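As structure tokens, the structure follows; a few thoughts come after it.
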Amino acid sequence: MKFQVPHAMLPLPTHDEDARQSFLLTMREQVMGPLWQGSRATYEKKLRGNFERAQGRAPKDRREVQALLDADPYYQTFSAIHRTTQEMLWDEVGDSIQRQLPKLIDTAKTTVAKKKTLGSLQLNAKLPMPRYIEEVDIHVMPGNFQTELTKDDVYAGALYDRGVFIYGMGRRGPYGQGMGEDSVRFLKQTYPDFRPRKILEVGCSVGHSLLAYADGFPQAEVHGIDVGAPMLRYAHARAESLGKTVHYSQQDACAMDFADGSFDLVMSHLLLHEMPVKQIRRMYAEIARVLRKGGAMFEGDTVNMRSPELIDRTLGDWYGHYNNEPFQLKAGEMDFPAEARAVGLTPDMTVYDARGTHIAFKR
Ligand SMILES: C[S@@+](CC[C@H](N)C(=O)[O-])C[C@H]1O[C@@H](n2cnc3c(N)ncnc32)[C@H](O)[C@@H]1O
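Below you can see the structure in the form of structure tokens.
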């Protein structure tokens, strides 16, 4: 099993749990490697040719390619294994967390009760939960990011931290920090003179990416917001146990409490593809409001809208169709630079690569 570095909040597997979790990580590698490539090859070698012979033209859009894939036994098998692996992952990690939940809750409570902490945690039990959060368990994660089944719950945070490590096949690093580190490197290379004094991540979850910013910009005051209280309790205790200073608060990115012009850098990672278009637009307006003049907004996501091959874009739609990530289908079609312009930001740098989209805007 690839190694996730333990911290005070990480749910640790027993020997048998570890064996099952290792199996699921290996399943993920099979799904994302040979089975994914097999689906691609099935299209290239069989489905596209059949379609062209029958129709006298190539498939013209993702809808047509999806229909070919959906009717094909290889893709059907790939899809069933992919979905089953996903459900087994949450089931297995969920059971392991239930076994140790009281201890994890106690650790988080003890952290909050400490007289002196590095960062802070502010929860708002009255925060109206966005409908899309309440109605969809994103990526089939039971309870989504916000559900609380017991007092001072941290279950969703623990599930996300351990589950995403396995889901990501350990490739995002021992602290899940890989995407944040990539982004910090990108920002430093692109804007060598940029020294943000106040940084905000919207939709920070348990802080996988955010802690990379705390390390990368040690002079900055670092904030993270999320709608999920169990995520934030977990995130706060996790950051404290790793010796990082981060201020977490429960807020909706579409209606934040921060004053106008509060931040030099506002960023998000893996958030856009999980939000409906209307909310992305509201969030952009809010981000523009809380950015100071001369500040920057940065986004890293998997919405891979410039992937040149139709088949690759369609295979990427699997998550939207079959992994309970319905909003990514529309989000992937948005013109983010145009959306940014509409709220008064200047698109500065947009990079679409195999790992997704990196976009930087300036105010
Ligand atoms: C995929 S996770 C983000 C991962 C995290 N940014 C990272 O890099 O590790 C998406 C998070 O965004 C949060 N979220 C979704 N909509 C939100 C909103 N309107 N305001 C604040 N947080 C939101 C969810 O609760 C969830 O924790």
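If you want this note's numbering, it's the position in the sequence shown, counting the first as 1, plus 1. We put the CB at the ideal spot given by N, CA and C, even for glycine. These numbers were taken from a predicted model, which means no experiment stands behind them.
Do the CB positions of residue i and residue j come within less than 7 Å of each other?
i           : j           : result
residue 366 : residue 302 : Lying outside 2 to 364, the shown extent of the chain, residue 366 is not represented and no answer is given.
residue 236 : residue 207 : yes
residue 110 : residue 153 : yes
residue 133 : residue 277 : yes
residue 272 : residue 364 : no
residue 122 : residue 249 : yes
residue 286 : residue 344 : yes
residue 5   : residue 166 : yes
residue 259 : residue 298 : no
residue 213 : residue 185 : yes
residue 155 : residue 124 : no
Provide the residue(s) that pair with residue i in DSSP beta bridges, ordered along the chain.
i           : result
residue 249 : 122, 225
residue 363 : 297, 347
residue 199 : 222
residue 292 : 264
residue 230 : Per DSSP, none; premise fails for residue 230.
residue 140 : DSSP output for residue 140 lists no bridge partner at all.
residue 269 : 300
Given 6 Å as the limit, tell me if residue i has its C-beta closer than that to any heavy atom belonging to ligand 1.
i           : result
residue 146 : yes
residue 229 : yes
residue 335 : no
residue 257 : no
residue 175 : no
residue 184 : no
residue 253 : yes
residue 270 : yes
residue 232 : yes
residue 210 : yes
residue 131 : yes
Residue i: buried (16+ other C-beta within 10 angstroms of its C-beta) or exposed?
i           : result
residue 245 : buried
residue 227 : buried
residue 159 : buried
residue 355 : Low confidence applies to residue 355: its pLDDT is 49, below 50, so where it sits in the model is not reliable, and the reading given next is rough at best. Label assigned to residue 355: exposed.
residue 54  : exposed
residue 93  : buried
residue 224 : buried
residue 58  : exposed
residue 13  : exposed
residue 100 : exposed
residue 120 : buried
residue 83  : buried
residue 64  : exposed
residue 69  : buried
residue 98  : buried
residue 16  : exposed
residue 317 : buried
Grouping DSSP H, G and I as helix and E and B as strand, with all else coil, what is residue i?
i           : result
residue 355 : The predicted model places residue 355 with a pLDDT of 49, which falls under 50 and marks its position as unreliable; any figure quoted below should be read in that light. It is coil, neither helix nor strand.
residue 264 : strand
residue 20  : helix
residue 238 : helix
residue 256 : strand
residue 157 : helix
residue 215 : helix
residue 342 : helix
residue 3   : coil
residue 243 : coil
residue 50  : helix
residue 58  : coil
residue 170 : coil
residue 110 : helix
residue 31  : helix
residue 151 : coil
residue 68  : helix
residue 79  : helix
residue 313 : helix
Say yes only if the C-beta of residue i is nearer than 6 Å to one or more non-hydrogen atoms of ligand 3, and no if none qualify.
i           : result
residue 204 : Ligand 3 is absent from the structure shown, which contains only ligand 1.
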